[in-house]
Each structure stands twice: as C-alpha cells, then as structure tokens.
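Take any residue in the sequence shown, count from 1 to its spot, add 25: that is its number in the working numbering. Glycine residues also receive a C-beta, built at the ideal position from the N, C-alpha and C atoms.
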Amino acid sequence: MKGERIPYKMLSQDAFSQWLGIEILECELGRCKVGMTIRKEMLNSMNKAHGGISYSLADTAFGFTANTHGKYAVSIETSVNHIEALEEGDYLTAEATLNLQKTKLGFNIVEVKRGEELVALFKGVVYRTQKDWEE
26 MKGERIPYKM
36 LSQDAFSQWL
46 GIEILECELG
56 RCKVGMTIRK
66 EMLNSMNKAH
76 GGISYSLADT
86 AFGFTANTHG
96 KYAVSIETSV
106 NHIEALEEGD
116 YLTAEATLNL
126 QKTKLGFNIV
136 EVKRGEELVA
146 LFKGVVYRTQ
156 KDWEE
C-alpha cells in the first residue's frame, strides 16, 4: 500500500480517533498533519480540555506518520509536555516535526498547535514490525 494512503485506512478503522473528530489535513511519506476541535465532553473539572485530548491528537499524528513507511509501527514509549491550557471550541493541529526512521525503531517529535501557538510537545518511539500494510 502506498505510504500516504495508510493513515486514511488507519483512521477508517480507529473508532477512538473518529470519536475525537480527528481529520487528516495533510499526509505524505514521513509526515501527517491532523486536526480536531475540543468539545464540551472533553473538558475536565476545571473546565479546560483534559490533558488526554491533546495527547491523543498528538499520538494519532505520531502513529499515522510512523506508519507511512509501509510497515506496521507500534508505539513503545511516549511522553507529552502540556504548555498551554485548552478551551472548548479550540481547534488544534498536530504534526510530526521530526521523523527519524531506523531499521527497527522510529523516533518522532510532534508539535500540537492552536493556530500558530505551540500548546503541547509530544515525543514518541515506535517499533517497526516486518508486517506490510495491505490494501
């Protein structure tokens, strides 16, 4: 399967990312940009977006980007820095700004933004399996 088409297949099979309302904005080999809007049911007790929301958006961009290389790539370690509080109605984008692929491992840094403002920084490592993505 052609690499830039893999994230679309992944999204079609990903009920959680669909529930979040994630959309693919741009996609090519080694890069995928996704976006979503924060909804009321995504807020925490302080009326701010739960930290898992920006994490999940970044994790989706991370997974989609890592899999554009044609092999099943699965997360083995991730972390996130939350930089700004997020509000209901905020539109966020997430894009891998570093995509370094080795034989068995892939390393990514994902920037989460509200407009041009950096609101979270995500780092992830994937294990690249030998299984190919198929149509």
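Where does residue i sit, in a helix, a strand or coil, going by DSSP?
i	result
Met61	strand
Leu45	helix
Ile134	strand
Leu18	The requested residue 18 does not occur in the structure, where the chain is confined to residues 26 to 160.
Asp84	helix
Glu120	strand
Glu109	coil
Alpha carbon to alpha carbon, how far is residue j from residue i? Give it in angstroms, no decimals.
i	j	result
Gly46	Leu54	23 Å
Glu120	Val137	7 Å
Asp115	Arg139	7 Å
Gln126	Glu48	24 Å
Pro32	Glu141	24 Å
Leu143	Ser70	23 Å
Ser104	Asn124	16 Å
Ile108	Lys65	20 Å
Trp44	Thr90	20 Å
Which term fits residue i, buried or exposed, when burial requires 16 or more other beta carbons within 10 angstroms of its beta carbon?
i	result
Arg63	Note that residue 63 corresponds to Ile in the displayed sequence, not to Arg. Buried, by the Cβ-count rule.
Gly88	buried
Met67	buried
Gly149	buried
Lys156	exposed
Ala86	buried
Can you list, in chain order, the residues of its chain whose CB lies under 8 Å from that of residue i, leaving out five sequence neighbours each side?
i	result
Thr122	Ile134, Val135 and Glu136
Lys129	Tyr152 and Arg153
Ala74	Ile63, Met67, Leu68, Ala110, Leu111, Glu112, Glu113 and Asp115
Quick one: what's got a C-beta closer than 6 Å to residue i's C-beta in the same chain, skipping five residues either side?
i	result
Tyr152	Val99 and Ile101
Gly60	Glu48, Leu50 and Thr118
Kindly identify the DSSP beta-bridge partner or partners of residue i.
i	result
Asn92	The partner list for Asn92 (beta bridge, DSSP) is empty, contrary to what the question assumes.
Gln126	Gly131
Glu53	Arg56
Tyr152	Val99 and Leu130
Glu142	Arg139
Ala74	Leu68
Asp157	Lys96
Ser104	Lys148
Leaving aside the five residues before and after residue i along the sequence, list all residues of the same chain whose C-beta is less than 7 Å from its C-beta, in chain order.
i	result
Ala83	Val105, Ala119, Val135, Val137, Ala145 and Phe147
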